[in-house]
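**Student:**
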Amino acid sequence: MKILVFSDSHNNTGIMNDIVKKYNSEIDCIIHLGDCTDDTTEFSTICQCIPVFQVRGNNDYDSLYPHTRTITIGGKRIFMTHGHRHKVYFNTDGIYYTAAQEQADIALFGHTHIPYLENEGGILVMNPGSISLPRSSCGRTFAFITIENGNITASIMIYDFDKTEKLRSISI
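Letter by letter, the sequence shown follows residues 526 to 697 in my numbering.
1. From the DSSP secondary-structure annotation, give me the bridge partner or partners of serine 534.
2. Using a Cβ-Cβ cut-off of 6 Å (strictly less than) and excluding sequence neighbours within five positions of aspartate 533, which residues of its own chain qualify?
3. Report the residue from Glu673, Thr678 and Ile683 whose alpha carbon sits nearest the alpha carbon of glycine 664.
4. In chain order, which beta strand (DSSP E) runs of at least 3 residues are fully inside the region 635-694?
5. From what residue to what residue does the beta strand (DSSP E) around threonine 597 run?
6. Would you check if the region 666-681 and the region 605-613 touch, i.e. whether three or more CB-CB distances between them fall below 8 Å?
7. For serine 550, count neighbouring C-beta atoms within 10 Å of its own C-beta (all shown protein chains included) and say buried if the count is 16 or more, exposed if not.
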């Protein structure tokens with residue numbers, strides 16, 4: 526299973542759609558971690574058979590999506606949140622503890638616009654960064670998660686208009 530992960534797209538659908546078109550044949554689902562969930566509406570025309578899982582962010586005022594969600598993909602539990610209610614600007618403790626309570630293997634969050642990828646106590650904790658308004662020197666980022674034979678590999682990807690390269694990868 527290969528999962529494409531976005532967060533904090535803030536109405537910049539062009540880049541996300543380019544990435545979805547490029548990797549359409551490789552991905553099994555898409556996760557969007559909020560700000561702005563409406564940005565994913567065009568995915569249905571690009572990749573009609575690929576499921577999209579979402580949570581709302583602090584800028585998704587009228588969204589009907591939940592603030593948190595736990596799903597199971599490829600036999601692994603994935604806790605999803607935007608992160609603004611977990612004080613992620615200070616640390617990832619709130620994300621980690623909530624994911625542990627949910628018995629999650631993976632914890633995903635956004636909000637900071639800064640990519641983050643660590644193994645914290647056996648839980649893969651990741652923020653894909655922002656594809657449109659990055660706040661880190663590495664620029665626009667998104668992520669992949671691959672679940673194969675019970676193993677999880679996650680990679681933060683740097684998006685450049687001419688190329689895409691891997692920033693960091695971790696396996697648990």
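Each residue gets a CB set at the ideal place from its N, CA and C atoms; glycine is no exception.
**Tutor:** Let me lay it out:
1. Under the DSSP definition of a beta bridge, serine 534 lacks any partner.
2. Here the set comprises Asp560, Gly635, His638 and Ser655.
3. If we check each option's Cα against that of glycine 664, Ile683 comes out closest.
4. Taking only runs of at least 3 residues, the beta strand (DSSP E) segments lying wholly in the region 635-694 are 641-645, 648-652, 666-673 and 676-684.
5. Boundaries of the beta strand (DSSP E) harbouring threonine 597: 593-598, taken from the DSSP string.
6. The region 605-613 is not in contact with the region 666-681.
7. Exposed: under 16 other Cβ atoms inside 10 Å.
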